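Protein chains in written order, with the working numbering: chain A, 1 to 361; chain B, 1 to 539.
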Amino acid sequence: MSSHTGQRALPDGEPLDVNDPRLSRFDIVREGARRDDIEIVHYEPQVAPGTKAERRLVRTVAGFFLLTGLAATAFLAIYIWWPWEYEPGRGGDKLYTPLLGVTLGVALLGIGFGILTWGKKLLPKEVSIQDRHEGPVPAEDQRITGETMAYMADELGVKRRPLLGVSLLAGLLPVGAVAAAPLVGGLISDPHKDDQMMTTGFAPRDGQKIRLVREDGRPIRPADISAGGQITVFPGVEHGVSNRYADSPTLLIHLREDDAVESRRNNEREGHGGYMWGNYAAYSKICTHAGCPASLYEQQTNRLLCPCHQSQFLITDNAKPVFGPASRRLPQLPIEVDSEGYFVATSDYTEPVGPDFWERP
Amino acid sequence: MKRRKFDVAAVPGNTARAVDDRFQVATPLRRLLNKVFPDHWSFLLGEIALFSFIVLLLTGVFLTFFFEPAMTEVIYNGSYAPLRGTPMSAAYASTLDISFDVRGGLIMRQMHHWAALLFMAAIVVHMLRIFFTGAFRKPRETNWIIGSLLFWVGFLAGFTGYSLPDDGLSGTGLRIASAIMLSIPVIGSWVTAAVFNGEFPGTIIISRFFIAHVLLIPALLVALITVHLGLVFKQKHTQWPGPGRTNGNVVGERMFPRYAIKQGGFFMVVFGVIALMGGLFQINPVWLFGPYEAWVVSAASQPDWYVMFLDGSTRLMPDWEITIPIGEGYVIPPLFWPTVVLPGILVALSLLYPFMEARHLKDYRSHNLLQRPRDVPFRTGLGVMALTFYVILTLSGANDVIADKFHISLNAMTWAGRIGLLLLPPLAYYVTYRICLGLQQHDREVLAHGVETGIIRRLPDGRFVEVHQPLSAGDGHGELDYAGWVVPKKMNRLGALGPAIRGFFYPIERPAEAPVSPGHPPVEPRPEREEITSGETRS
Chain A
1 MSSHTGQRAL PDGEPLDVND PRLSRFDIVR EGARRDDIEI VHYEPQVAPG TKAERRLVRT
61 VAGFFLLTGL AATAFLAIYI WWPWEYEPGR GGDKLYTPLL GVTLGVALLG IGFGILTWGK
121 KLLPKEVSIQ DRHEGPVPAE DQRITGETMA YMADELGVKR RPLLGVSLLA GLLPVGAVAA
181 APLVGGLISD PHKDDQMMTT GFAPRDGQKI RLVREDGRPI RPADISAGGQ ITVFPGVEHG
241 VSNRYADSPT LLIHLREDDA VESRRNNERE GHGGYMWGNY AAYSKICTHA GCPASLYEQQ
301 TNRLLCPCHQ SQFLITDNAK PVFGPASRRL PQLPIEVDSE GYFVATSDYT EPVGPDFWER
361 P
Chain B
1 MKRRKFDVAA VPGNTARAVD DRFQVATPLR RLLNKVFPDH WSFLLGEIAL FSFIVLLLTG
61 VFLTFFFEPA MTEVIYNGSY APLRGTPMSA AYASTLDISF DVRGGLIMRQ MHHWAALLFM
121 AAIVVHMLRI FFTGAFRKPR ETNWIIGSLL FWVGFLAGFT GYSLPDDGLS GTGLRIASAI
181 MLSIPVIGSW VTAAVFNGEF PGTIIISRFF IAHVLLIPAL LVALITVHLG LVFKQKHTQW
241 PGPGRTNGNV VGERMFPRYA IKQGGFFMVV FGVIALMGGL FQINPVWLFG PYEAWVVSAA
301 SQPDWYVMFL DGSTRLMPDW EITIPIGEGY VIPPLFWPTV VLPGILVALS LLYPFMEARH
361 LKDYRSHNLL QRPRDVPFRT GLGVMALTFY VILTLSGAND VIADKFHISL NAMTWAGRIG
421 LLLLPPLAYY VTYRICLGLQ QHDREVLAHG VETGIIRRLP DGRFVEVHQP LSAGDGHGEL
481 DYAGWVVPKK MNRLGALGPA IRGFFYPIER PAEAPVSPGH PPVEPRPERE EITSGETRS
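Printed below as a string of structure tokens:
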């Protein structure tokens with residue numbers, strides 16, 4: 001193996017004449033490196049030209065590149081001709097994305113490994129040492145720059161003419177505020193407008209009590225829910241089921257007889273006497289912790305679990321949080337049955353629904 | 001008239017000269033071509049993040065051509081039959097269109113999502129490498145700060161990104177984000193109303209997230225990444241200690257051609273892996289979640305992995321509500337601590353760490369040589385402690401899934417997390433500290449007494465001793481100094497046994513001739529073992 005190490009040792013600090021016709025190209029490269037304070041201490045071809053090893057590596061690299069061409073062509077063919085439109089069931093379209101992924105991946109990996117093999121195996125290995133030049137910066141330079149800057153400050157003379165500094169500051173501060181004003185002013189929105197944090201879709205409109213309706217908008221009779229059952233209800237107003245009333249989804253539960261007795265007793269204690277209708281109770285579905293819908297109701301224990309952070313509420317104890325990070329009861333919706341036999345909300349929730357906030361009463 | 005012959009061979013040279021006459025680039029270009037980079041596999045982790053980011057930009061631009069960032073209600077009428085006729089937001093409908101009605105849209109979406117997950121993962125692993133090897137020390141504190149910020153900006157990029165489809169899962173995440181903003185004392189409700197333009201969900205949040213996700217945050221990321229790389233370039237890379245390597249030099253390869261070629265190849269490999277993942281592994285199948293409805297959620301609702309530690313901290317937080325009895329009374333909800341205060345502390349701690357460590361060690365010098373984790377037990381211990389804390393939080397973010405799959409009580413999982421979060425990190429610190437000391441001790445022992453040969457010798461008085469191969473020349477009693485780098489611990493590392501024969505199925509090299517008996521002291525190291533290597537570990 002031929003190694004360039006040790007060829008033509010040069011005396012230190014003496015620049016080489018790069019126009020010397022006797023120099024090889026590598027000598028010039030090395031001289032260039034030397035001028036950048038880099039010493040190439042080791043430079044060694046990994047394969048000798050013309051050997052079997054070299055031919056094998058060349059074949060490997062070429063193989064990778066050809067694989068890329070093949071895979072990329074396959075990608076294009078699949079992209080154009082493979083049935084890609086969605087059809088229900090197990091159609092060929094289900095393979096469209098995986099096939100694109102495999103062909104694209106193989107094409108890219110082919111280039112990647114080809115280039116890597118080329119660089120790592122066919123190019124000479126080298127070890128070079130470069131100076132960091134990170135030693136102490138010339139203290140003189142630091143001083144000169146510092147003095148220059150101080151000199152500029154002197155020239156401006158803010159120290160001697162304090163009024164200039166003060167007035168400039170006084171002038172610029174409002175300008176900064178001007179830049180911020182449209183952004184802040186545009187974004188700001190009163191969170192208490194129309195008492196929106198305290199009201200839900202169940203607030204009576206024009207003295208009319210709001211019905212509890214199902215997802216499809218139909219009102220609910222007591223007989224629709226069997227004992228121990230529960231159903232998600234919404235305010236029976238326009239768009240009441242949509243996200244416009246994201247605070248309103250409510251869980252209507254038909255408690256079993258003894259649970260209902262216990263529930264009524266606990267409700268009274270919490271000042272929610274009369275909120276239930278018969279054995280039916282309605283609680284906000286929006287978790288008081290982070291606002292997820294607390295939707296996993298365990299019939300046997302009467303616990304309601306929020307799947308986001310696992311807060312658990314005991315329905316028979318006026319939806320008191322019994323485990324997890326929630327700290328506040330689920331608000332209870334006072335309900336009754338109207339003259340036509342459908343559930344209505346007696347009034348809106350009497351506490352704010354959803355996650356807690358600073359000024360919550 | 002004599003026609004001048006056109007010399008093709010001289011064209012490149014003439015062009016180069018013409019360019020240089022005008023722009024004077026020859027000298028800076030030579031410096032660039034010659035710049036030396038040290039090489040080690042662990043220096044490539046940050047590159048994965050950079051390459052993933054490039055893939056993110058490419059696939060992201062594609063997605064913007066088809067995505068409609070609006071919350072206007074539309075009735076879906078696309079190819080995906082199960083959702084046809086469902087009212088949903090335009091954002092969700094256009095995401096379904098990208099998945100089903102844009103040719104090749106699904107693979108782009110999935111590549112974008114996988115690249116984002118890989119981007120964050122590479123950032124974290126790269127950050128661990130920097131931390132455990134002390135690469136953040138002077139003069140690189142600024143880059144450490146930029147790197148930490150990149151994690152949090154990437155976090156925001158990820159969150160705003162996966163919120164865009166407005167599906168059932170991301171809507172729940174958005175709901176929690178609004179609750180987190182609400183929990184901030186004093187200004188919470190105002191912040192939330194400003195962001196959502198009123199009550200959650202409002203009608204504008206997707207458009208606002210969109211412009212943040214495709215313009216503001218990427219611009220910030222590009223700026224930070226540019227400065228990050230610029231500083232690496234200016235300050236030059238750190239290197240492991242080793243033969244010929246000092247605090248004042250860089251030992252490695254010149255940037256061109258071999259180093260740059262390897263980088264290019266590595267980029268294509270990362271790109272290829274992302275393409276394979278995007279094609280083969282389903283990610284975020286939004287059509288299964290349905291449109292966001294405030295009253296629908298399923299069990300096992302997990303955010304992307306890099307958000308899970310905050311989900312975990314929220315789950316583990318006890319229900320400690322602080323009420324302030326002034327006027328009508330004010331509340332600090334328990335949600336505030338794990339989601340606002342904890343990330344705040346984490347940001348501050350990570351940003352300040354380099355300065356705190358320098359102050360603690362009274363070490364204000366510049367360091368360009370890396371340290372092995374074992375050599376700085378307290379830092380390694382702290383790092384493992386932080387890692388344990390993070391892993392417990394992340395696992396707790398999935399504690400309902402773990403409870404379900406392993407049939408453990410959910411409440412037991414929560415309590416295990418709460419107790420584990422307090423007990424395990426200090427324990428991890430102690431164990432790591434001891435392991436570091438043990439590894440150090442063994443290194444020093446080998447340096448003092450030599451490598452174990454496995455040869456047992458019986459002494460005349462009947463005792464058995466193991467023969468050690470001293471590392472130093474001479475009588476074997478000269479103790480070597482520990483230089484902060486790998487100490488050979490096996491005979492074949494010394495060249496005494498010949499290296500293990502390489503090759504998986506069949507030997508790809510000839511075995512070394514006539515292995516020297518290990519009993520022969522002292523063994524001359526084989527000449528090629530003396531060379532200064534580029535620091536790669538060779539098998």
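Just so you know, even glycine gets a beta-carbon here, dropped at the ideal spot from N, CA and C.
Only a predicted model underlies this, so the values are computations on that prediction, with no experimental measurement involved.
| Given that E359(A) touches chain B, what residues does it touch there, using C-beta distances under 7 Å? | S189 and Y330
| request: Could you tell me which residues DSSP pairs with Y280(A) in its beta bridges? | output: H254(A) and W277(A)
| task | Please name the residue in R103(B), S52(B), R137(B) and E466(B) whose C-alpha comes closest to that of A352(B). | result | The identity of residue 352(B) in the sequence shown is Leu, whereas the question assumes Ala. Comparing Cα-Cα distances from L352(B) to each of R103(B), S52(B), R137(B) and E466(B), the minimum goes to R137(B).
| task | Classify A116(B) as buried or exposed, calling it buried when 16 or more other Cβ atoms lie within 10 Å of its own Cβ. | result | buried
| request: Pick out whichever of R258(B), S148(B) and T172(B) has its Cα sitting closest to the Cα of P124(A). | output: R258(B)
| Distance between V213(A) and H228(B) (C-alpha atoms, nearest Å) | 57 Å
| task | Note down, in chain order, each residue of its chain lying with its Cβ closer than 7 Å to the Cβ of I324(B), except the 5 sequence neighbours on either side. | result | Y330
| message | Assuming the contact rule is C-beta atoms closer than 8 Å, T238(B) and A135(B) should be a hit. Round their C-beta distance to whole Å, please. | response | 5 Å
| task | Run down chain B in chain order and give the residues with a C-beta less than 8 Å from the C-beta of M197(A). | result | S189 and E199
| Which residues DSSP lists as bridging L304(A), in chain order | Y297(A) and F313(A)
| In this structure, does DSSP put D167(B) in helix, strand or coil? | strand
| Three-pair Cβ contact test at 8 Å for the region 152-161 of chain B versus the region 319-336 of chain A | no
| The beta strand (DSSP E) with T388(B) in it runs from where to where? | Taken as a continuous stretch (DSSP letters only), T388(B) belongs to no beta strand (DSSP E), being part of the alpha helix (DSSP H) at P377 to S396.
| How is the beta strand (DSSP E) around A345(A) delimited, first residue to last? | F343 to A345
| Going by DSSP, which residues form a beta bridge with F234(A)? | V213(A)
| field | Buried versus exposed call for M356(B) [16 or more other C-beta atoms within 10 Å across all chains shown] | value | exposed
| query | Given that a residue counts as buried once 16 or more other Cβ atoms are within 10 Å of its Cβ, and exposed if not, what is P293(A)? | reply | buried
| said: Quick check: the region 211-228 of chain A against the region 213-229 of chain B, are at least 3 beta-carbon pairs closer than 8 Å? | reply: no
| query | Which residues in the same chain have their Cβ closer than 7 Å to the Cβ of W337(B), if we skip the five residues on either side of it in sequence? | reply | M317
| said: Tell me the rounded alpha-carbon separation between G252(B) and I261(B). | reply: 15 Å
| said: Three Cβ pairs or more, each shorter than 8 Å: is that satisfied between the region 174-182 of chain B and the region 282-290 of chain A? | reply: yes
| said: Give me the subset of the region 280-292 of chain A whose CB atoms are less than 7 Å from a CB atom of chain B, sorted by chain position. | reply: K285, H289, A290, G291 and C292
| task | State the Cα-Cα distance for the pair E262(A) and N302(A), rounded to the nearest angstrom. | result | 11 Å
| query | Which stretch, first to last residue, makes up the alpha helix (DSSP H) that contains I225(B)? | reply | I217 to Q235
| Status (buried if at least 16 other CB within 10 Å, exposed otherwise) for D190(A) | exposed
| task | State yes or no: is the C-beta of Q282(B) within less than 7 Å of the C-beta of A398(B)? | result | no
| query | So, helix, strand or coil for Y43(A), using DSSP? | reply | strand
| request: Take the Cβ of V184(A) as the centre, count every other Cβ of all protein chains shown within 10 Å, and call the residue buried at 16 or more, exposed below. | output: exposed
| chain A contacts from the region 202-219 of chain B (Cβ-Cβ distance under 7 Å) | none
| query | Beta-carbon of A246(A) versus every beta-carbon of chain B: anything under 7 Å? | reply | yes
| field | Contact test: G161(B) Cβ vs the ligand ZN heavy atom, cutoff 6 Å | value | This structure simply doesn't include the ligand ZN, nor any ligand for that matter.
| task | Determine the chain A residues that contact P373(B) at a beta-carbon separation under 7 Å, and present them in chain order. | result | Result: empty, since nearest Cβ-Cβ is about 24 Å, beyond 7 Å.
| How should K236(B) be labelled, buried or exposed, when 16 other C-beta atoms within 10 angstroms of its C-beta is the threshold for buried? | buried
| request: Pick helix, strand or coil for Q371(B), following the three-state DSSP scheme. | output: coil
| Interface flag, N77(B) vs chain A, CB-CB below 7 Å | no
| query | Counting Cβ pairs, one atom from each stretch, are 3 or more of them under 8 Å apart for the region 423-443 of chain B and the region 376-393 of chain B? | reply | yes
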